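For the sequence shown, our numbering begins at 3 and goes up steadily by one. Each residue gets a CB set at the ideal place from its N, CA and C atoms; glycine is no exception. Given the structure is predicted, the values throughout are model-derived calculations rather than measurements.
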Amino acid sequence: MKAVLPGSTIGVLGSGQLGRMFALSARRMGYRVHTYSPDSDTPTGQIADVEIDAPYEDLDRVRDFASAVDVVTFEFENVPATTAETAAQHALVRPAGDVLHITQHRLREKTFLRRHGFPVTKFEPIRTPDDIRAAMPGFGPAILKTAGFGYDGKGQYRVNSPGDAEAAWGAMDRQEAVLEALVDFEAELSVVGVRSHTGDCVFYAPSANAHVNGILDVSTAPASLAHRDAIEITRGLLEQLNVTGVLCVEFFLTRAGNLLVNELAPRPHNSGHLTIDSCITSQFEQQLRAVCGLPLGSTQMLRPAAMANLLGDIWCKGEPNWTSTLAQPEVKLHLYGKIEPRRGRKMGHLTATAATPTEAEQIVRAARSAL
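Following this line, the structure appears as C-alpha cells:
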C-alpha cells in the first residue's frame, strides 16, 4: 500500500466525540478531514474541513463523499453495511466493512468469538418465545440484550425467569436478541490494540473500568489487576478479524482469574481517552497512522492516568464550576462541543495523571466532584 501522506483528505463516517478527537489529531498532522452523518454542527463537524449532513442510506451522497477523500474510516460501528460497501467502491475503507458487519451485531460478534475459540460469556440467540423458554433454565440470572445497535447499557435487561425474559423481549419489540449469562466478575478491563496494514501490532496498557448504569464512569491505567493474557487475546482478534486500525477489547476478569471477552469496538474507545494526556501516541493518532499506512507510534505511558466521564447530568444545576476543577494542575479538561446536555449523554471527560494509578483516580474523581 502507498502511504496516505499529510496533506491528504481523510473521510470519517460518523460525527461524534470519537471523530472529533480523531480530527484534532489529523489536523495537527496536516491532514484535511471530511465527516459524514445525518446530523449538523456535530462534535466532528466543528473540527472538520467539510461536514456532510445526509442519511447513511443516501448512497449517492455516500459516493460523492468517498470520491472526495483519500481514505475512509469510522468513528462508530453502527454504520449500515451498504454504506461501507458503497464507500469502498470509491476510496480505501479501514477497517474493512466486514469488520463492522461482525462487531455492530452482538449475536454475530459472539458467534464469531465462540467459533474461533476466544473466551466468551455463555450466550444463546433469542428469536422466538420458544427460544426463551428453552434457554432460561440453563442460565439462572441473565442479561437479555438486543442483538444490534446497542451501546452504553441501552437495550439491556436483567432477567431472572422465563417470564422476566419474555416481558423484556416484549419491551424491545421482540427483535432479535442475545441471552447472556450473568458473570460474577472481579474487574472489568479493556485493551486498546492497533494493527497496521502490514500486520504490525502495538498495544496500550490495560485499563480498569468502572461503570454506572451501564455507562463507563472511570477508567484507570495501567490496571492493577491486568491479566497476562489480555494483550495476547487482543492480538489474536486483530489478526483473526484482519483489522487495519484500532480495536478495543472489553473483558470481564472472573473471580476465578479467567478472562472473558465482553464486547469488541473496531475504533478508538472511551477507556482509551486517557492516552491523549498520558501516552507518547494517543489512540486517535494511532488510528490515523494505521488507516493511512504510516508507521505506528509508541504506546509508552509517560505517567499513570485516570479518566472520568462528564455526563449531561452535571449541567442540571447550571454551568459546571470549571475554574474550581481546573485549579488542580494535574487535571485536563476535554469537552466535545455538544450543544444540549442531557442526562446520561457524554459531554466530555477529565483526565488526571499522577505517580500511581490510584492517585490519578483519586485526583480525577475529586476534580469531577468539584464541578
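From the options, residue whose alpha carbon lies closest to that of residue i
| i | options | result |
| --- | --- | --- |
| Leu146 | Gln177, Asp315, Ser192 | Gln177 |
| His180 | Gly299, Gly21, Glu265 | Here residue 180 is Val; the residue named in the question, His, does not match the sequence. The shortest Cα separation from Val180 among Gly299, Gly21, Glu265 belongs to Glu265. |
| Arg344 | Gly350, Gly314, Pro331 | Gly314 |
| Pro82 | Gly150, Asp66, Arg29 | Gly150 |
| His336 | Lys319, Ile278, Ile282, Glu342 | Ile278 |
| Ser198 | Val214, Phe187, Gly247 | Gly247 |
| Gly339 | Gln158, Pro45, Asp132 | Pro45 |
| Thr353 | Thr327, Ile341, Glu342 | Thr327 |
| Asp231 | Val101, Gly18, Phe205 | Phe205 |
| Ser39 | Gly32, Arg237, Ser69, Asp60 | Asp60 |
| Met138 | Ile341, Glu182, Asp100 | Glu182 |
| Gly99 | Ser42, Trp317, Asn244 | Asn244 |
| Val349 | Cys318, Gln91, Thr325 | Position check: residue 349 holds Met in this sequence, whereas Val was assumed. With distances taken between Cα atoms, Met349 lies closest to Cys318. |
Which residues DSSP lists as bridging residue i, in chain order
| i | result |
| --- | --- |
| Leu262 | Phe254 |
| Phe76 | Leu15 |
| His92 | His92 pairs with nothing; no bridge assigned. |
| Thr353 | Met309, Lys334 |
| Glu182 | Phe125, Ile145 |
| Ile54 | Tyr38 |
| Lys348 | Leu313 |
Three-state class that DSSP yields for residue i in the structure shown
| i | result |
| --- | --- |
| His271 | coil |
| Leu304 | coil |
| Lys4 | coil |
| Cys281 | strand |
| Asp315 | helix |
| Ile49 | coil |
| Thr358 | coil |
| Lys112 | helix |
| Asp219 | strand |
| Glu188 | strand |
| His103 | helix |
| Phe205 | strand |
| Thr236 | helix |
| Ser39 | strand |
| Gly195 | strand |
| Ala173 | helix |
| Leu26 | helix |
| Leu296 | coil |
| Arg160 | strand |
| Val71 | coil |
| Val389 | Absent from the structure is residue 389, since the part of the chain shown begins at 3 and ends at 373. |
| Gly247 | strand |
| Ala210 | strand |
| Gly140 | helix |
| Gly165 | helix |
| Gly119 | coil |
| Gly150 | strand |
| Glu241 | helix |
| Arg2 | Within the shown structure, residues of the chain are numbered from 3 to 373, placing residue 2 beyond reach of any answer. |
| Glu59 | coil |
| Leu373 | coil |
| Leu20 | helix |
| Pro322 | coil |
| Ala86 | helix |
Neighbourhood of residue i by C-beta, 8 Å cutoff - its chain only, sequence neighbours within 5 removed
| i | result |
| --- | --- |
| Val73 | Val6, Ser10, Ile12, Gly13, Ala93, Leu94, Val95, Arg96, Val293, Cys294 |
| Val220 | Asn211, Ala212, Ala308, Met309, Ala310, Asn311, Glu363, Val366, Arg367 |
| Gly346 | Asp154, Asn215, Ile217, Leu313, Gly314, Asp315 |
| Ser192 | Pro208, Ser209, Asn211, Ser221, Cys250, Val251, Glu252, Phe253, His271, Ser273, Gly274 |
| Gln330 | Ala354, Ile365, Ala368, Ala369, Ala372 |
| Asp186 | Thr256, Arg257 |
Cut-off 6 Å between Cβ atoms - residues of its own chain near residue i, not counting five sequence neighbours on either side
| i | result |
| --- | --- |
| Thr360 | none |
| Asn272 | Leu218 |
| Ile282 | Ser300, Gln302 |
| Pro297 | none |
| Tyr159 | Leu146, Ala170 |
| Ile104 | Arg110, Glu111, Phe114 |
| Val35 | Ile12, Ala25, Ala28, Ala50, Asp51 |
| Val161 | Ala144, Leu146, Ala167, Ala170 |
| Ala228 | Pro208 |
| Phe120 | Val263 |
| Gly47 | Ser17, Thr37, Glu53 |
| Arg237 | Cys203 |
| Ile341 | none |
Sequence-distant residues of its chain with Cβ nearer than 7 Å to residue i (five each side left out)
| i | result |
| --- | --- |
| Arg63 | Ile54, Ala56 |
| Arg135 | Pro164 |
| Met3 | His199, Gly295 |
| Leu20 | Glu77, Phe78, Arg269, Pro270 |
| Pro8 | Met31, Gly32, Tyr33 |
| Asp41 | Ser17, Asp55 |
Chain B within 8 Å of residue i, Cβ atoms only
| i | result |
| --- | --- |
| Asp166 | Checking the listed chains, one finds no chain B in this structure; it contains a single protein chain. |
Residue i Cβ short of 7 Å to the ligand ZN heavy atom set
| i | result |
| --- | --- |
| Gln302 | This structure does not include the ligand ZN; it has no bound ligands of any sort. |
Cβ contact check for the segment 74-81 and the segment 48-55: 3 or more pairs under 8 Å = Because the criterion of three Cβ pairs below 8 Å is not met, the segment 74-81 and the segment 48-55 do not touch.
Pairing CB atoms from the segment 255-263 with CB atoms from the segment 165-174, are three or more of them under 8 Å?
-> No, the segment 255-263 is not in contact with the segment 165-174.
Taking 8 Å as the threshold, find out whether the segment 15-30 comes into contact with the segment 110-126 through three or more Cβ pairs.
-> No, they do not touch.
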